[in-house]
Structures are given as C-alpha cells and as structure tokens.
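Using the numbering used here, the letters of the sequence shown correspond one by one to residues 4 to 442. One structure is given here, and the rest of the page talks about it.
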Amino acid sequence: MRPRRFAAAGPLKGRIRVPGDKSISHRSLMLSALAVGESRVTGLLEGEDVLSTAAAMRAMGADIQRTGEGEWLIHGVGVGALLQPEAALDMGNSGTSTRLLMGLVASHPITACFVGDASLSKRPMKRVTDPLSLMGAEFTTSPGERLPLMLRGAAPAVPIEYRLPVASAQVKSAVLLAGLNTPGITTVIEPVPTRDHSERMLKGFGAALTVETHVDGTRTIRIRGEAELQPQCIEVPGDPSSAAFFIVAALIVPGSELVIENVGLNATRAGLIDVLRQMGGDITEQNAREVGGEPVADLLVRHSVLKGIDVDPAIVPSMVDEFPVFFVAAALAEGRTTTTGLDELRVKESDRIAVMATALTAAGARVQETEDGLIIDGSGGEALRGGNNAAIATHLDHRIAMSMAVAGLVSAGGVEVDDTRPIATSFPAFEALLDGLVA
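This is the structure in structure tokens:
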C-alpha cells in the first residue's frame, strides 16, 4: 500500500489538461480492433483500465502499437474475426473493459475466461450475462454471477429486443457490441438516457445504427448486425470524470482560479457541472468546439460560496461517477444537500455511498447515510477538521482516493488516504498535477 496525507496548501491557480476520456478510450480501442485497416487514436487515456482493454484486444488478434509521439495505431481484424485468446483475459480493476468485452465476445465463435482483481471480482455481472444469454452466449460464473467467469460465444447469435432494467451505459453497450456480429437487427430500449459514446462512435465507424427518442424520453436504439467497420482517426477529449476532482477543488479552496483545458461536455456526462452551478459554482465554458463528434470546452473555475440543494435523481445517470467528489463539495456548502436514487453507487469499485459516508465523517463532515444516498449538512465554507492520525480506507477505489485527497485540501489537519495506488487505474498523473497547482 502507498498511503499519503493531503493537506491545505493554498489556492489552486494555473492551467491544466486532464487525461483522455476513459469511456471513449475503451470504445476507440475496441471498435478500431474490429475495423479492417489502420485506425489512429490520439489523446488516449493510458491508465491501467484502458491498458487492460488494449491487452485483451491484442490477445484476440488486433495489432495495437503506441508511437513515440503518444499516438496509438490499431490494425483491426474485422467484425466476426476475433481470435481465440490463448490465456485468460485479465481485466484488472476495469468493469467497463469486462462488460463491454463480454458483449464483443458473445457473438463470436470463441471461448474466453475473464478474470480481475479483488475489487472487480466482487462486482455483479448478471446485468450483462442476462441479455447476452438471450442472444445465445453461454456463461459459467463464480458464485453471485461474478468473476472469474467463462464465456462461450454464439455463432450465429440471436438478435433480441432488450429493455434495460437499470440505467447502465455498460449494459446497453454490451448488447449493441454483441449486435455488431449478429444477423438482423438488435434493439435496446433505454427508459432513462445514459452516456451515448457507444452510439456516437458506432455511427462514426460506419455501423448501421439508429436512435429514436420518444415523447417520454425513452430511447430506442437499433443496430444492424454483420457490420463492416471502417478505420478512423480519433481524438479523445479530456475526461469530465477526471476533471471533476479539479473542478470541485477549485470551487472549495479559497482564492482558487483554474482553467481545465479540453474537457468533454457530452450532455450525458455533464450532470456534475449543472448541479454545481445550481449550488452557485462559478464555472465558465471557454473556446467551445467539437472534437471527434463530442462537444468540448475549456473550463474556467473560480472559488465560490456553494449552497446546499436537493439533487434531482433524474440527473444521476449523467454524473454517476462524480458523486464521491460531489459529496466533498456538499460537505463545504452552506446548508443541507440531499441525494437520492444512488443505488448504482453501491455496486461500483466499492459501495461508494457507505465508504464516502464513513470517510467524510472521519474527516469531520456531518453526514447521514440513507438507503439510496447521503444527506450532508455543509460546513458553510469552514475547513473540515481533517482525519487526525487515522488513514481513510479507500477500498481499492480510485475515485474514493482522489475525492478524499480533495477533501484534504480544505481540512485543518489534513486527510490521509490508506492507498494511492488505485488512482493509476484512471488518472496516473493526478498527484503530479495536484502538486504542481499547489506548489
């Protein structure tokens, strides 16, 4: 383990650029590996999660190389031509890699064993195995439908119409990716919109995909199988989930004024910014543009007096990964912040509701845990007490570690996290960027 104490060190000032979007990075590698020809990807997030995806696609036949200039070149094998991997596919800590790759393999005539680290092996896979089983894939799983698991793909797979029982971009994407090599039309019905990177990128690679939005907000997504994907040049925008830590830090650390460049602002991912603005956060978009089909801007963030609010549960899918650091913002706001509808947070890398409740309480915040959220009575901008001498248990969860690092910046006694190693799964440069801003 690699513990570290994070403490107040003055305002955050300057300009930074966060790593490439993790969701888009995963998908760019997968779809490039299924296109025939050479795709080029710049701005790829080179964290452990994305590298797990790259290793898995290499194991199934794709040629993936990184140039000295940081560009990634991918020579794909074509839809339907994935090769039998010679060994188990090690997903590390990446739930996205696991669930999306299960979708890819499910409609190919190969068998693959998926394994992961201790944290990933606790996460439920039934939400993906259920629809993929309907398409003809066969699974042998560990107790509780968890990893390690063995997947035998179906050839040909059966097209289905599947209504998502929970709002999950990973489940949606798994079914759509399985549909790529399935004869006929595979349909996903999405009652609550989730991040739409898969739909955007599948269209960009030439898949026959349509999206119909109904009056009640339900989305019906159809993909025609046996697709021929065309190689692409992809520029990955900055990850809004990574930018979130610095957005919150700049808002709550007095005197801060920070520009975060090249942040992806896809509407299905930008919920945190909307909620922070509702609380009074001073966040200005500059140089708005489009990169690779995704809206992007530079964000100017200034220290602000935040007010507690009741967060509309309808916004949860568009900021589901940002709630840990949002809880830190709420702990420094004036008045009470209430969150509900966060059931999904209990099955992430950790139970993020329970873990953040314990961590923030240990740091001096006033937090009440409920069945599906947290109620936080903010300090009104006063520094938190800090964690004294006890290290915060992060449970191998990168977002818990980074969120409590931000909490340390607004604490009187500092906050020690028990292990900073998991941060490398999504944001290897986090500590260096933070140190540079407060130096």
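The beta-carbon is built from N, C-alpha and C at its ideal position, and this holds for glycine as well.
DSSP three-state call for residue i: helix, strand or coil?
i    : result
K351 : coil
S136 : helix
P298 : strand
S382 : coil
S259 : coil
D421 : coil
Q281 : helix
Q235 : coil
F433 : helix
H398 : coil
R227 : strand
H217 : coil
D66  : strand
G50  : coil
Name the DSSP beta bridge partners of residue i, please?
i    : result
T143 : M153
M313 : Here the sequence assigns Asp to residue 313, which means Met is not the residue at that position. T341, per the DSSP bridge assignment.
Q289 : D301
A115 : L154
D93  : V118
Measure the alpha-carbon distance for residue i versus residue j and round it to whole angstroms.
i    : j    : result
D52  : M94  : 7 Å
S26  : A366 : 31 Å
V409 : V191 : 38 Å
G338 : G23  : 35 Å
A333 : R424 : 26 Å
L54  : N96  : 11 Å
M322 : T213 : 25 Å
A160 : G83  : 11 Å
S122 : T397 : 11 Å
H200 : A427 : 23 Å
A177 : G381 : 39 Å
I379 : T185 : 48 Å
D400 : R61  : 27 Å
G389 : E419 : 9 Å
T216 : N391 : 51 Å
E288 : A300 : 6 Å
G296 : T45  : 14 Å
Judging by CA-CA distance, which residue of the options is the nearest neighbour of residue i?
i    : options                : result
A65  : S35, A91, G71, V413    : S35
E264 : M204, I237, F249       : F249
R305 : M4, G50, G17, R8       : G17
P327 : P431, V358, D375, I286 : V358
S31  : K310, E72, R43         : R43
V131 : I312, Q173, V278, E72  : Q173
V39  : G284, E325, L387, Q233 : Q233
I113 : P134, A90, P127, M128  : A90
Mind reading off the beta-carbon distance from residue i to residue j? Whole number of angstroms is fine, and I expect it under 8 Å.
i    : j    : result
A253 : S245 : Contact doesn't hold; Cβ gap of about 14 Å is too wide.
S100 : H29  : 6 Å
L92  : A115 : 6 Å
V262 : L15  : Contact doesn't hold; Cβ gap of about 11 Å is too wide.
I356 : L335 : Wrong, their Cβ atoms sit about 19 Å apart, outside the cutoff.
Determine whether the Cβ of residue i lies closer than 8 Å to any Cβ atom of chain B.
i    : result
E260 : As a matter of chain content, chain B is missing from the structure shown, which is built from one protein chain.
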